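Visitor: Going left to right, the sequence shown walks through residues 1 to 130 as UniProt numbering numbers them.
Note that CB positions come from ideal geometry on N, CA and C, so glycine has one too.
Model, not experiment: these values are computed from the prediction.
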Amino acid sequence: FNKENGGLLHEIVADVFGENTPAALVSGPSFAKEVAADLPTAIAIASTQSEFATQLAMILHSDRFRAYTNDDLIGVEVGGAIKNVMAIAAGIADGLGFGANTRAALITRGMSEIIRLGVQLGGKQTRLWA
1 FNKENGGLLH EIVADVFGEN TPAALVSGPS FAKEVAADLP TAIAIASTQS EFATQLAMIL
61 HSDRFRAYTN DDLIGVEVGG AIKNVMAIAA GIADGLGFGA NTRAALITRG MSEIIRLGVQ
121 LGGKQTRLWA
């Protein structure tokens, strides 16, 4: 979020480069180390230009790397940012020895909050789960 006006990254990119410039957001539950180790990974690519998103997905696709495309820039951007906060909270809970119940509660409640915030900001509820 832009600290000056609350704008999202895709809005800033559109302002700087123009609405018609092909652009996409890439996000997902992925760690660079695991991608580099060729472990199974799935991400989301959001773009208002579906052909561009599909081309990116095809470039990135492999037996162990899957990119799902959609047009929900807000959902992917907000979900991608907030899931990182959830992951940190889950890691802290694990480190404190709180167990699987606490981790599951953090994840499920966190998903509810992601959806609530994402929809409030204009994201698509069905895409926030994807």
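1. So, under 8 Å CB-CB, I59 and G118 are touching, yes? Tell me the CB distance rounded to an integer number of Å.
2. In angstroms with no decimal places, state the Cα-to-Cα distance between A42 and L128.
3. Threshold first: 4 residues or longer. Then list the alpha helix (DSSP H) segments lying entirely within the region 75-114, N to C.
4. In whole angstroms, what separates the C-alpha of I92 from that of V78?
5. Along the beta strand (DSSP E) that carries A37, what are the first and last residues, could you check?
6. Can you tell me whether residue 132 is buried or exposed? The criterion is at least 16 other CB atoms within 10 Å of its CB, across all chains shown.
7. Just verifying my parser: in three-state terms, what is the DSSP assignment at F52?
8. Just grab the DSSP bridge partners of T69 for me.
Guide: Concretely, from the data shown:
1. Within the sequence shown, residue 59 is the residue found at index 59, counting from 1. Within the sequence shown, residue 118 is the residue found at index 118, counting from 1. That pair is no contact at about 27 Å.
2. As a working note, residue 42 is residue 42 in the sequence shown. As a working note, residue 128 is residue 128 in the sequence shown. Each residue's alpha carbon lies about 15 Å from the other.
3. none
4. Within the sequence shown, numbered from 1, the residue matching residue 92 stands at position 92. Within the sequence shown, numbered from 1, the residue matching residue 78 stands at position 78. In a straight line, the C-alpha of I92 is about 22 Å away from that of V78.
5. Here residue 37 refers to the residue found at position 37 of the sequence shown. Unbroken run through A37: none, as it is neither H nor E.
6. Coverage of the chain is limited to positions 1 through 130, which leaves residue 132 absent and any answer about it impossible.
7. Counted from its first residue, the sequence shown places residue 52 at position 52. F52 falls in the helix class under three-state DSSP.
8. Walking along the sequence shown from the start, residue 69 turns up at place 69. According to DSSP, which records beta bridges pairwise, T69 is partnered with I45.
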